[in-house]
Amino acid sequence: LRALAAEGIQHGHMALHARQAALAAGVPADQVDRVAAQLAAEENVKASRAAEIWAAQRGEDNEQ
-4 LRALAAEGIQ HGHMALHARQ AALAAGVPAD QVDRVAAQLA AEENVKASRA AEIWAAQRGE
56 DNEQ
């Protein structure tokens, strides 16, 4: 039980959940880590938010 409350396990699970949310939102595999990192940083791990982040990042990439 103590291990389940450990920050390391929680952080790892959050990262995995963020990656899955990004994939569910249709983010290409080569961009999943980038979107998942932002989801985790915002502590808003939802596929809908991943889609918003991905759309914004695509727009930034197109401007450069």
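Per the working numbering, residue -4 is the first one in the sequence shown, and the count goes up by one each step.
We put the CB at the ideal spot given by N, CA and C, even for glycine.
As the structure is a computational prediction, the values presented were derived from the model and not from experiment.
Query                                                                                                                                      : Result
Below 7 angstroms CB to CB, which residues in the same chain sit around A10 once its five sequence neighbours on both sides are set aside? : A31 and A35
Check this for me: beta carbons of R44 and V27, under 9 angstroms apart or not?                                                            : no
Please state if the CB of G21 and the CB of A51 are separated by a distance shorter than 9 angstroms.                                      : no
Compute the Euclidean distance between the alpha carbons of R53 and V40, then round it to the nearest angstrom.                            : 19 angstroms
Report the CB separation of A42 from A24 in whole angstroms; it is logged as a contact under 8 angstroms.                                  : The pair is not a contact, with the Cβ atoms about 15 angstroms apart (cut-off 8 angstroms).
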